[in-house]
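A.B. asks: Residue numbers (our numbering): 84 to 329.
Ideal placement from N, C-alpha and C gives every residue a C-beta, glycine not left out.
Let me give you the structure first, and then I'll get to my questions.
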């Protein structure tokens with residue numbers, strides 16, 4: 084089957100955040116935020132839990148959605164949807180990062196920044212790339228050789244999507260929901276999707292565009308964004324990942 088999912092972002096007027104980032108309403112965004120000088124952010128379980136609790140608080144307050152997450156020791160990966168107001172994405176990241184900084188500084192008796200200057204972000208072409216980006220995020224601990232399988236890592240959204248854990252933080256994205264008519268079907272197909280051999284170009288594409296702040300999508304998607312925001316956005320790098328999930 085082909086996972087068909089709803090995409091509303093380009094049907095509405097794009098209000099650019101004051102940061103100059105390309106953030107679209109009701110469109111998922113791949114976020115990476117690293118520790119200052121790539122230093123450790125999360126040391127103990129309570130550090131991870133504190134971050135996730137604040138992420139839930141502020142995503143509810145700002146009416147954003149969290150489609151995937153993975154907290155590594157020195158950085159975070161998030162798939163966030165800002166909802167109707169793109170500026171809420173920046174507000175959410177500011178509140179969560181600020182609270183984590185104050186928490187860690189108080190705990191360790193230190194001062195200064197916990198995070199590097201700016202988080203990196205990339206709007207995602209939903210129908211074609213959202214599942215690929217979620218897979219990329221949840222496979223980070225495997226790629227880093229911290230665990231053998233993504234289900235072995237406790238600080239990601241993967242086990243929730245497999246029905247092995249509950250988490251009120253996570254919102255099930257439209258592409259995940261389109262994988263089947265029942266939760267059992269969705270779990271089986273998502274597990275198979277994540278376990279497939281991932282083409283090198285898919286991993287390289289997702290990693291490179293988020294580092295450059297470019298859209299994760301095809302030429303048509305990029306051209307539509309360029310038209311909406313009133314400036315040309317260049318898309319460089321390898322081709323797109325496959326969109327079929329069986």
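#1: If contacts are defined as beta-carbon pairs under 8 Å, then residue 301 and residue 193 qualify, I think. What distance do you get, rounded to the angstrom?
#2: Could you check the C-alpha separation between residue 191 and residue 282 for me, to the nearest Å?
#3: List the DSSP bridge partners of residue 128.
#4: Rounded to whole angstroms, what is the Cα-Cα separation between residue 199 and residue 159?
#5: Roughly how many whole angstroms lie between the Cα atoms of residue 294 and residue 201?
#6: So, using beta-carbon positions, are residue 116 and residue 207 closer together than 9 Å?
#7: Out of curiosity, what's the CA-to-CA distance linking residue 264 and residue 225?
#8: Alpha helix (DSSP H) containing residue 258: first to last residue?
#9: If you reduce the DSSP assignment to three classes, tell me which class residue 31 lands in.
#10: Roughly how many angstroms lie between the CA atoms of residue 209 and residue 195, to the nearest whole one?
#11: With a 10 Å radius around its C-beta and 16 neighbouring C-beta atoms as the bar for buried, classify residue 299 as buried or exposed.
#12: Out of 141, 289, 129, which has the shortest C-alpha to C-alpha gap to residue 176?
#13: Evaluate residue 164 with the Cβ neighbour count: other Cβ atoms within 10 Å of its Cβ, from every protein chain shown; 16 or more gives buried, anything less gives exposed.
#14: Helix, strand or coil for residue 299 per DSSP?
#15: Under 8 Å Cβ to Cβ from residue 162, same chain only, skipping five residues before and after it: list those, please.
#16: Give the list of continuous alpha helix (DSSP H) stretches no shorter than 4 residues that lie fully inside the region 164-252.
#17: With DSSP as the reference, identify every bridge partner of residue 153, one or two as the case may be.
#18: For residue 156, which residues in the same chain have their Cβ closer than 6 Å to its Cβ, ignoring the five residues on either side in sequence?
#19: Are the beta-carbon atoms of residue 154 and residue 238 separated by less than 9 Å?
#20: Is it buried or exposed for residue 261, if we count other Cβ within 10 angstroms and need 16 for buried?
#21: Can you tell me the Cα-Cα spacing of residue 316 and residue 107, whole angstroms?
#22: Using alpha carbons as the reference points, say which of 178, 188, 233, 230 lies closest to residue 130.
#23: Rounding to the nearest angstrom, what Cα-Cα distance links residue 240 and residue 168 in this structure?
#24: Within this structure, are the beta carbons of residue 118 and residue 203 separated by less than 9 Å?
#25: Apart from the five residues just before and just after residue 277, which ones in its own chain have a Cβ nearer than 8 Å to its Cβ?
C.D. replies: Looking at the coordinates:
#1: With a Cβ gap of about 45 Å, residue 301 and residue 193 do not count as contacting.
#2: 42 Å
#3: Note: residue 128 sits in no beta bridge, so no partner.
#4: 12 Å
#5: 11 Å
#6: no
#7: Cα-Cα distance, rounded: 29 Å.
#8: 257-260
#9: The requested residue 31 does not occur in the structure, where the chain is confined to residues 84 to 329.
#10: C-alpha separation (whole angstroms): 37 Å.
#11: Taking all protein chains in view, the Cβ of residue 299 is crowded by 16 or more other Cβ atoms within 10 Å, so the residue is classified as buried.
#12: Distance check between residue 176 and each of 141, 289, 129 places 141 closest, using alpha-carbon atoms only.
#13: buried
#14: Residue 299 falls in the strand class under three-state DSSP.
#15: 111, 112, 113, 114, 149, 150, 151, 152, 207, 213, 216, 217, 220, 256
#16: 170-191, 209-221, 223-226, 241-244
#17: 160, 239
#18: Excluding the 5 residues flanking it on each side, residue 156 has same chain C-beta neighbours closer than 6 Å at 123, 125, in chain order.
#19: At a Cβ-Cβ threshold of 9 Å, residue 154 and residue 238 count as neighbours.
#20: buried
#21: 14 Å
#22: 188
#23: 24 Å
#24: no
#25: 218, 221, 222, 233, 241
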